[in-house]
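Going by numbering that gives the first Met the number 0, 100 is the number at position 101 of the sequence shown; the sequence numbering is gapless. Glycine included, every Cβ here is placed at the ideal spot set by N, Cα and C. None of the values given here were measured: they were computed from a predicted structure.
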Amino acid sequence: MNTKTFTNELNTSIKFGNSPIDYFILMKPRVMSLVVFTAFVGYYVGLSDNVDRLNPILATIGIFAIAIGAGASGVLNQWYERDIDSIMERTKNRPIPSKKIDPSEALTFGIILSFISIIILGLAVNWFSSLLLAFTIIFYAVIYTVSVSYTHLRA
0 MNTKTFTNEL NTSIKFGNSP IDYFILMKPR VMSLVVFTAF VGYYVGLSDN VDRLNPILAT
60 IGIFAIAIGA GASGVLNQWY ERDIDSIMER TKNRPIPSKK IDPSEALTFG IILSFISIII
120 LGLAVNWFSS LLLAFTIIFY AVIYTVSVSY THLRA
């Protein structure tokens, strides 16, 4: 693991965690940017004649929650594919295969992000949207990730 360690007089180690950049990379920011763009377009199209009814603060919170949900899906995807990612040239430098982030930390991070994004979207926007976000996270992290493992699309 890539951590800085300090030793005190009792010869016990104190670890300081990984870089926040590693956790951000784990969230697949390029995929997140596409999801944010799609959410923004959805807001725009949905309010074409009712722009005065849009609360910009709640819309921003909603898009933020959707982005976090997309990031959570990316984290869970990379956690599941960590073994194959470590031997593929294209993916071997990702945070989990390169040992920058421990797999159990990544799983915990992905689950926590999933719950946070779903709760924020439910409280700020509505619970139906939150349910759709939960479905999307489960679909990408479980159904898509597992199904790609059994196809020729992996490479």
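C-alpha gap between residue i and residue j, whole angstroms
i    : j    : result
S72  : T135 : 8 angstroms
K27  : S85  : 17 angstroms
Y79  : T144 : 8 angstroms
V124 : Y42  : 12 angstroms
S18  : N92  : 15 angstroms
P94  : I67  : 18 angstroms
Extent of the continuous alpha helix (DSSP H) to which residue i belongs
i    : result
Y149 : First-last for Y149: undefined, no H or E at that position.
A58  : P55 to Y79
T135 : W126 to I137
T90  : Counting along the chain, T90 falls outside any alpha helix (DSSP H), and DSSP gives it neither H nor E.
R29  : P28 to G45
S113 : P102 to A123
C-beta atoms of residue i and residue j nearer than 7 angstroms
i    : j    : result
D51  : K99  : no
L122 : L132 : no
A69  : V34  : yes
A64  : S32  : no
F114 : V74  : no
L57  : L46  : no
L25  : Q77  : yes
Cβ neighbours of residue i in the same chain (closer than 8 angstroms, five flanking residues each side left out)
i   : result
F39 : I62
E8  : Low per-residue confidence applies at E8: pLDDT is 46, beneath 50, and the placement is therefore not dependable enough to give any value.
Chain-order list of residues whose beta-carbon lies under 6 angstroms from that of residue i (same chain, five-residue window excluded)
i    : result
Y139 : S72
L129 : This sequence places Ser at residue 129; Leu is not what is there. Closer than 6 angstroms at Cβ, skipping near neighbours: I117, L120 and G121.
Contact test: residue i Cβ vs the ligand HEM heavy atom, cutoff 6 angstroms
i   : result
A64 : Looking for the ligand HEM in the displayed structure turns up nothing, as the structure carries no ligands at all.
Same chain, Cβ closer than 7 angstroms to residue i, five either side skipped, listed in chain order
i   : result
P96 : R81, D84, S85 and T90
Cβ of residue i within 7 angstroms of any chain B Cβ
i   : result
K99 : Absent here is chain B; the protein component of the structure consists of one chain.
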